[in-house]
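For the sequence shown, our numbering gives the first residue as 1, with consecutive numbering after it. All C-beta atoms in this analysis are idealised placements derived from N, C-alpha and C, irrespective of residue type, glycine included. Written out below as structure tokens is the structure these notes cover.
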Amino acid sequence: MQQVQPRRSYAGWIALAIGAIIVISMISSYNGLVTLSQAVDAQWGQVQNVYQRRADLVPNLVATVKGAANFEKSTYIAVTQARASVGQLPPDVLKNAVNDPKAMAQFEQAQNTLGSTLSRLLVTVENYPQLKANENFLTLQAQLEGTENRIAVERRRYNEAAQAFNTRRNTFPTNIYASLFGAQFNSKSYFQAQPGAQNAPQVTFP
Numbered sequence: 001m002q003q004v005q006p007r008r009s010y011a012g013w014i015a016l017a018i019g020a021i022i023v024i025s026m027i028s029s030y031n032g033l034v035t036l037s038q039a040v041d042a043q044w045g046q047v048q049n050v051y052q053r054r055a056d057l058v059p060n061l062v063a064t065v066k067g068a069a070n071f072e073k074s075t076y077i078a079v080t081q082a083r084a085s086v087g088q089l090p091p092d093v094l095k096n097a098v099n100d101p102k103a104m105a106q107f108e109q110a111q112n113t114l115g116s117t118l119s120r121l122l123v124t125v126e127n128y129p130q131l132k133a134n135e136n137f138l139t140l141q142a143q144l145e146g147t148e149n150r151i152a153v154e155r156r157r158y159n160e161a162a163q164a165f166n167t168r169r170n171t172f173p174t175n176i177y178a179s180l181f182g183a184q185f186n187s188k189s190y191f192q193a194q195p196g197a198q199n200a201p202q203v204t205f206p
């Protein structure tokens, strides 16, 4: 009598295939998020570099205007204090700003305050022809103008990198995988546009 072979079950193979697809998808999503997160961190470093360059210009700029007769003391004192506030930002603010909107807002507020006081100082210089003809001041002016332009560029690039990460992070099914890793893949913070932010601060003189 011929023995009947048991029907072959494919359920186990199907489950294994599905599991493999999920694992591969998770690995791909994880690696993609890591790559995009590293790009955001690298661009954040560039942002800090250009802001630091601006801060480094302040002491020489203040020293130059202080040398002008009767220059408004309150103006350069405000710039000095604003620069000090930037330098006194807690390390956690710089470390967490990318992933913490509150820390980003604190960083941005300090930098905007310095930018505003610098703008006021440069406007005040209009009343001092000897400064406008000072070679050292003109050099600092050109460096500051270039730095402000660079700040605008690096901020835009940072926001683009953050947007790329956030788009990937919030796309299904990557958003599910991202949630499994806790704060490691939190959404990235953005720089917020200020009124007139589409134009670099005007620091040239007639």
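Tell me which residues share the same chain as residue i and place their Cβ nearer than 6 angstroms to its Cβ, disregarding the 5 neighbours each side in the sequence.
i	result
N96	A103
R157	Q43
Would you report the Cα separation of residue i and residue j, rounded to the nearest angstrom?
i	j	result
Y30	S116	41 angstroms
Q143	Y51	13 angstroms
A39	A161	7 angstroms
A164	L89	28 angstroms
D56	N186	32 angstroms
P206	S25	Residue placement at P206 cannot be trusted, given a pLDDT of 36 that sits under 50; the coordinates are not used to answer.
G45	Q192	18 angstroms
N99	E145	30 angstroms
V47	N175	27 angstroms
Q184	G12	34 angstroms
P213	Y128	It is not possible to answer for residue 213, since the shown part of the chain is limited to 1 through 206.
A197	G32	Bear in mind that the predicted position of A197 carries a pLDDT of just 45, short of 50, making it unreliable; the figure below should be weighed with that in mind. The straight-line gap from Cα to Cα measures roughly 32 angstroms.
N49	P173	36 angstroms
How would you label residue i, buried or exposed, when you count the other beta carbons within 10 angstroms and need 16 or more for buried?
i	result
E148	buried
S179	exposed
T167	exposed
V34	exposed
Y76	buried
N159	buried
S189	buried
E123	Residue 123 is actually Val in this sequence, not Glu. Exposed, because fewer than 16 other Cβ atoms sit within 10 Å of the Cβ of V123.
T171	exposed
Y177	buried
E110	A quick correction: the sequence has Ala, not Glu, at residue 110. Result: buried.
F181	exposed
Y141	According to the sequence provided, residue 141 is Gln. The question's Tyr does not apply to it. That one is buried.
V23	exposed
S37	buried
I21	exposed
I27	exposed
P6	The predicted model places P6 with a pLDDT of 49, which falls under 50 and marks its position as unreliable, so this point remains unresolved.
Residues in its own chain within less than 7 angstroms of residue i by CB, not counting five upstream and five downstream?
i	result
A82	T113, L114, T117
V79	V58, V62, T117, L118, L121
R53	T147
S85	A110, T113
P101	S189
Y10	none
R169	L33, N175, A178, F185, S187
A105	none
Using a Cβ-Cβ cut-off of 8 angstroms (strictly less than) and excluding sequence neighbours within five positions of residue i, which residues of its own chain qualify?
i	result
L131	T64, V65, A68, F71, V125, F137
F107	L89, V93, L94, A97
N60	N136, L140
Regarding residue i and the ligand NAD, is the C-beta to nearest heavy atom distance less than 7 angstroms?
i	result
I27	The model on display carries no ligand, and the ligand NAD is accordingly not part of it.
*Taking contact to mean at least 3 C-beta pairs separated by less than 8 angstroms, is the stretch 9–21 in contact with the stretch 132–147?*
no
*In chain order, which alpha helix (DSSP H) runs of at least 4 residues are fully inside the stretch 21–71?*
none
_Any alpha helix (DSSP H) of 4 or more consecutive residues that is wholly inside the stretch 94–151_ = 101–124, 129–132
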